[in-house]
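Sequences listed follow chains A and B, in order. My numbering numbers the first residue of the first sequence as 2 and each following residue consecutively. My numbering numbers the first residue of the second sequence as 79 and each following residue consecutively. In this text, a Cβ means the ideal position worked out from N, Cα and C, and glycines have one as well. I have placed the structure first, in the form of structure tokens, so that the comments after it can refer back to it.
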Amino acid sequence: MTLLAPRLLAARNAYRGHPRRMWVLGVLAGLFWVGSLVLFVKVLGYFQTIGEFGPLLTQRLLLLIFVSFFAVLLISNTVTALTTFYLADDVNVLLAAPVSRRRLHRARFVETLVASSWMVLLFGLPAFLAYGVVYEAGPVFYGATVLVLLPYLVVPTALGVLVTTGLVMVFPARRTRDAMLVGVGLLVPEQLAHPSGLAGLAGFLAGFEATGSPYLPTTWAAEVLVPLLGGRDGDPLFHFAMLVSTAAMLYVVSATVVERVFLTAWSRAQTGRVRDGGGERPLSRWLERLARPLPRIPALLFQKDLTVFLRDASQWSQLLLLFALVGIYVYNFSVLPLEDGSPLGRAMRDIATVLNLGLAAFVSTAIAVRFVYPMVSLEGRAWWILRTAPVALRRVWWSKFWIGYVPLVGFAALLIAGTNGYLAVPPVLTAVFLATLVPLMAALVSLGLGFGAAYPRLDTQNAAQIATGFGAILYMVTSLTLITLVMALEAWPTWRLLRYYRAPEAFGTGEMAGFAAAYAAAFVAMVAAFVVARRVGLRALERLPI
Amino acid sequence: MIRFAGLRKTYGPLVAVDDLDFEVEPGRVFGFLGRNGAGKTTTIRMMMGLLEPTAGTVTLDGHDIAREPEAAKAITGYLPDRPNLYDKLTSLEYLRFVGGLYGLGTHDAKARGLSLLEEFRLADRAHELIETFSHGMKQRLALAGALIHQPRVLVLDEPIVGLDPQGAVELRRLLGRLAEAGVTIFMSTHSLPVAEELCHRIAIIDRGALVALGTLAELRARAAGSTAGPRDGEPGVAASLERVFLDILEADAA
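Here it is in structure tokens:
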């Protein structure tokens, strides 16, 4: 407990420092939780109505939940254990203190478990609760769920600690972390919340065996709960005993291994990346050439930001995420049944067209929250360098704006043009969409910089972590509100234009005036968001702590 | 060259810096001394435009840092108490970037950067990422960055902390040379021997307020007047700055 005290006190102080922030987060998490619960109850309720396949599907789903969470937990624990055991600054202090390795292992084990598992618990508990509600299970089911979850969470933590320790013994820790960040970027817990994660669910459900391998802890966990739901017979006590004994055994093994090799592994973990001689790095030269046409300050900031970006492994994993997102988005359009000539096909095409602008903007926001929002925080403790240089803050702001805006607007335009191609949207309408993107993306980037400066995370250099903070959630909510507003304002003119091109029919004067008013209102909303966010962002930059 | 006029910073009821009023002449090394938490770093941050004063102004070579921040910063080099740099840049890339911010062309920044890396014993690490550097190496690199544009004013917050003995000796020599070349140096430090050796004038602050200002001889005279006289040597032998510092703070607290 003594060793965990610094973390607990820090959490308490964070709450005391920003009680309102915690309340807002709590409310948002609560809304998410209730929403997930309702969704799961509906899905499970639906499964129950489809006759004999129903129970089979629900069992598959439960096993699927355990398996997919386990995979995420295993990776997340491995990455977290690397930080808590081998990279955290305070390990030095603990090593110098009269603290046995066994206590150190225990404290760090609990820390790793909590840090890796809370997000999974947040997303997973509504699912388990929904099972209880739909199957009208008794208190034994809920009690058993709690009892099962504890050893279920211990197993991947112990495995994660063992894998990390093994890796550190072979590679220096920083390189291990970089490699892992790239490899698992798509699988860290927060990605679970992303809608794209659900894309493969249907296929997975269809092909997934109802009963998993009898040697896996995920199967044991599911086998404890399924019989308690009354679906079929089983041996919950046996499987629970298997789960608990395996968790206990793995914990003891991880404690013994860490006790034996910790000092060696820790010493190896201190090795950084030193190159074997060599001259100037090619990246500098390429970026210098690329930045040559720009004015001096934007060119410098462009080179610096891009160099830091490309050398940061946590950003590469974000790039992988970007490709996956786009792939899923475009794939969804490619498989829409548009070409069958049926009224349903036509209706789907028209609906998809009207929604396409908003959806593409939504995907762009998901990208902006990972690349634009962290821009200010990534300056980190080195922010003093720009603040003490003879460069006005507004120039720094504009440089960051263009670095974020040009790729984002280009990306969104490609996305719209490509998907509109699938939908056979008339070119005039695509042009209207592209014209909307220009101010919309500017507003989204300005909002990203504004929220990023107002809620900076200067303590971490991990962009993925910055993108999951309180300010990032507010940024997403605000951006989605703006996108919805713009989409709502432009929906009717878009719909009308679409109908005109499908079956020409002259517009009335009143209708034309209505179009103009709708587009003007959308434009004003976007410009207002841009201006206000820029002002707030600049003020926040001035006050950014150094 | 540097002028503080009624500079004050409060955080609610806490007065961090209280009405500082003094000047530093051109080409002088000025020592800014005080206990931990006395307000030295807060003063320096206001001086560099990193923190907004509650009242008062700081002017650097005639440029008010609040009204003409860019002009004031263009002639100033700054070394913070903690040298946080861009870990993912190499040392040469860092110096070229900083040089560019201060208006140096690409080639000038590179040439000047290489020569500074040589001077600060970092030439063999020119293409290494800063994340692999020790604290002392980062400190030397940050100082190289502060000098890249050949500033007329140099503001150093605890420059000796983190340097090895060789680095500390080299820094003292460097500061001496810069002062001879006409650079005005404003330095906060806990190293009293360094202040004693280098500083033409010294200010001591306590709880945000200026409690003593003058040359070392003037401070000695003042300490002698406020106590029973020099205590750490034979009668007639001048008291060390350490003794003077403690005596003045004790007298101020009394």
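Close partners of residue 382 of chain A in chain B (Cβ separation under 8 Å): 160, 162. A straight line joining the alpha-carbon of residue 114 of chain A with that of residue 125 of chain A spans about 15 Å. For the pair residue 515 of chain A and residue 493 of chain A, the CB atoms are nearer than the 9 Å cut-off.
Beta-bridge annotation (DSSP): residue 141 of chain B is paired with B:138. Bounds of the beta strand (DSSP E) holding residue 287 of chain B are 287–292. Shown in chain order are the members of the stretch 107–141 of chain B whose Cβ falls below 9 Å from a Cβ of chain A: 123, 126, 127, 128, 129, 130. Counting only Cβ-Cβ distances below 8 Å, residue 216 of chain B has no contacts in chain A at all, with the closest Cβ about 11 Å away. Residues of chain A with a Cβ closer than 7 Å to the Cβ of residue 178 of chain B are, in chain order, 297, 301. What residue 461 of chain A touches in chain B, judged by beta-carbon distance under 7 Å, is nothing: the nearest beta carbon there is about 12 Å away.
Residue state for residue 46 of chain A is assigned as helix, using DSSP reduced to three classes. Taken through DSSP and simplified to helix, strand or coil, residue 79 of chain B comes out as coil. Among the CB atoms of chain A, none fall inside 9 Å of the CB of residue 240 of chain B. Within chain B, the C-beta atoms nearer than 7 Å to that of residue 312 of chain A come from 166, in chain order. The continuous beta strand (DSSP E) containing residue 99 of chain B extends over residues 92–102.
Runs of alpha helix (DSSP H) with 4 or more residues, each lying fully within the stretch 355–424 of chain A, are found at 375–380, 384–388, 394–423, listed in chain order. Secondary structure note for residue 167 of chain A: its alpha helix (DSSP H) is the uninterrupted segment 140–171. As DSSP reads the structure, residue 235 of chain B sits in a beta bridge with B:266.
With the criterion set as a beta carbon lying under 8 Å from some beta carbon of chain A, the members of the stretch 175–201 of chain B are 175, 176, 178, 179, 180, 181, 184, in sequence order. By the criterion of at least three beta-carbon pairs nearer than 8 Å, the stretch 107–114 of chain B is in contact with the stretch 251–270 of chain B. In the three-state DSSP reduction, residue 547 of chain A falls in the coil class, being neither helix nor strand.
Distance between residue 542 of chain A and residue 400 of chain A, taken at the CA atoms: about 14 Å.
Taking a contact as a CB-CB distance under 8 Å, the pair residue 373 of chain A and residue 446 of chain A counts as one, their CB atoms being some 5 Å apart.
The Cβ of residue 388 of chain A sits closer than 9 Å to at least one Cβ of chain B. When CB distances to chain A are screened at a threshold of 8 Å, not a single residue of the stretch 83–106 of chain B falls below it. Using a CB distance cut-off of 9 Å, residue 147 of chain B counts as an interface residue toward chain A. Neighbours of residue 308 of chain A in chain B, taken as residues whose beta carbon is under 7 Å from its own, are 166, 167, 171 in chain order. About 5 Å separates the CB atoms of residue 234 of chain B and residue 157 of chain B; that is less than 8 Å, so the two are in contact. At a C-beta separation below 8 Å, residue 152 of chain B has these neighbours in chain A: 391. Taking the Cα of residue 49 of chain A as reference, the smallest distance to any Cα among A:40, A:59, A:105 is reached at A:59. By the 16-neighbour rule on beta-carbons within 10 angstroms, residue 368 of chain A is buried. If you draw a straight line from the Cα of residue 350 of chain A to the Cα of residue 56 of chain A, it is about 36 Å long. Not one beta carbon of chain B lies nearer than 9 Å to the beta carbon of residue 484 of chain A. For residue 168 of chain B, DSSP records a beta bridge to B:207.
For residue 285 of chain A, the nearest CB of chain B lies under 9 Å from its own CB, placing it at the interface with that chain.
A Cβ-Cβ distance of about 15 Å is found for the pair residue 222 of chain A and residue 143 of chain A, leaving them out of contact under the 8 Å criterion. Under a 10 Å Cβ-count criterion, residue 61 of chain A is classified as buried, with 16 or more other Cβ atoms of the shown protein chains found around its own Cβ.
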